[in-house]
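Participant: Pasting a structure here, questions to come.
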Amino acid sequence: MVSYEDRLLTHYGYLETKGCSHATLCPALSLPDLFCSGSQSVAGCSSLTASEITGLLDAVPQYFSQAVITRNKREATLAFGIRLMPLSRQQRVLDYMSSQLRPPPGITARLAGLPVIAAQANAALSSSARRLETLLVGLVAVGLVLLAVFRRPSRALVPLVPIAFATGWSALILFLIGIPLNPMSAAMGTLVIAISTEFSVLLSERFRQERQAGHEPAQALSRTYRSTGAAVLASGVTAIAGFAVLIVSSITMLRDFGLVTLIDLSVSLGGVLLMLPAVLTVSERGVLAGRSRAAAGRWWAALPRLRRRARVA
């Protein structure tokens, strides 16, 4: 324990003369402090015999020793104070501490404490794998809801395709730019799906109404984007501008959150506005082809009756 403590404090630049003001790690009350003073060497502390250690532990009052060792003397603590820093950097410090843990045979050592829990939770919540998993679950949920509402797979698929593309594009851009994720920004994928769903459903349903009114596909698209498209664009730009203010924040987490939000919402809006016309056009081709096949089928079905009538005539 003394050797481990010494290695870490040396690596992170701790000096007793300077104190903890400039060091990443500082020593705190630990089991070795009961046997070694700060001026003793590692070799001097390690030269204690088992009987000397037992005698010292027995001489220390229980109310004092219980802070560093259990009553049955099976578990002990080696405590450090860690400097206030971003959780991502704190995780790197903890990773180094874990890499230096080399207990002797029969001894188990691990990191514990609130800083460890906080750093690990931050790493888990802000991981790219967790974001991808959230996006996939969100897309599946949106697809099921659209299918339940529209009751037709083809009708539910039309707004879902731009949503999936916008979600994938935003994740790809963030990966290429290398913006670090945090627990706030990692959850932004769900907001991208929500906003993309709103925009995509509004535009696709307005296009459907225009087609039912008798307009040709090109004209229906033009009317859709002149009316509902303008409202969607205004709504999206307003939301983007509101979140973009966070970029000037002096708090790192809020600044990264604002930047991630700006990218996500911009890609969401642009992806839906650019991708949806192509999806609607392909869908219309499928509808027209289906109608043509249905009409041809009815004509072939009616052909025998027409021939019989022609023979009778």
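Residue numbers are given in the working numbering: position 261 of the sequence shown equals residue 381, and the series is strictly consecutive. C-beta: ideal position from N, C-alpha, C; glycine also.
Taking DSSP as the reference, what is the three-state secondary structure of Leu128?
Facilitator: DSSP places Leu128 in helix when its eight states are reduced to three.
Participant: With DSSP collapsed to three states, give me the class of Leu135.
Facilitator: Strand.
Participant: Report yes if the C-beta distance between Gln220 and Ala239 is below 8 Å; otherwise report no.
Facilitator: Not closer than 8 Å, so no.
Participant: Run through the DSSP bridge pairs and tell me what Pro147 is partnered with.
Facilitator: Paired residue(s): Phe200.
Participant: Say whether the region 360-367 touches the region 376-389, bearing in mind that this needs 3 or more beta-carbon pairs closer than 8 Å, one atom from each stretch.
Facilitator: Output reads yes: the region 376-389 touches the region 360-367.
Participant: What is the DSSP secondary structure of Ile189, reduced to helix, strand or coil?
Facilitator: Strand, per DSSP.
Participant: With a threshold of 6 Å on Cβ separation, who are the neighbours of Ser290 within its own chain once the five nearest residues in sequence on each side are excluded?
Facilitator: Val312, Asp384 and Val387.
Participant: Are there 16 or more other CB atoms within 10 angstroms of the CB of Ile371, so buried, or fewer, so exposed?
Facilitator: When all chains shown are included, Ile371 counts as exposed.
Participant: Going by other Cβ atoms of all chains shown within 10 Å of its Cβ, with 16 needed for buried, is Asp178 buried or exposed?
Facilitator: Burial call: exposed.
Participant: Alpha helix (DSSP H) containing Pro279: first to last residue?
Facilitator: Its alpha helix (DSSP H) spans residues Pro273 to Ile297.
Participant: Just to confirm my understanding: we take Ile189, look at its own chain, exclude 5 residues before and 5 after, and list those with CB closer than 6 Å. What are they?
Facilitator: Counting only Cβ-Cβ distances below 6 Å, and skipping sequence neighbours, we find Leu151 and Ala196.
Participant: For Arg230, which option in Tyr124, Thr137 and Tyr345 has the closest C-alpha, if you only look at C-alpha atoms?
Facilitator: If we check each option's Cα against that of Arg230, Tyr124 comes out closest.
Participant: Ordered along the chain, which non-local residues of its own chain (more than five positions away) have a Cβ less than 8 Å from that of Leu259?
Facilitator: The residues are Leu280, Ile283, Ala284, Thr287 and Ile313.
Participant: For Leu214, which residues of its own chain have a beta-carbon under 7 Å away from its beta-carbon, when the five flanking residues on both sides are left out?
Facilitator: Closer than 7 Å at the Cβ level, and outside the excluded window around Leu214, lie Leu231, Val236 and Ala239.
Participant: With a threshold of 6 Å on Cβ separation, who are the neighbours of Ala276 within its own chain once the five nearest residues in sequence on each side are excluded?
Facilitator: Around Ala276: Leu266, Leu267 and Phe270.
Participant: Would you please verify whether the beta carbon of Leu149 is less than 8 Å from any beta carbon of chain D?
Facilitator: Any reference to chain D falls outside this structure, which holds one protein chain only.
Participant: Which term fits Pro397, buried or exposed, when burial requires 16 or more other beta carbons within 10 angstroms of its beta carbon?
Facilitator: So Pro397 counts as buried.
Participant: Report the three-state DSSP secondary structure of Arg194 (helix, strand or coil).
Facilitator: It is coil, neither helix nor strand.
Participant: Excluding the five sequence neighbours on either side, which residues of its own chain have a C-beta within less than 8 Å of the C-beta of Met395, listed in chain order?
Facilitator: Excluding residues within five positions, the ones whose Cβ falls inside 8 Å are Val281, Pro282, Phe285 and Ala286.
Participant: Taking only three categories from DSSP, how would you classify Arg212?
Facilitator: Helix, per DSSP.
Participant: Straight-line CA distance for Leu353 to Leu389?
Facilitator: Between Leu353 and Leu389, the C-alpha separation is close to 7 Å.
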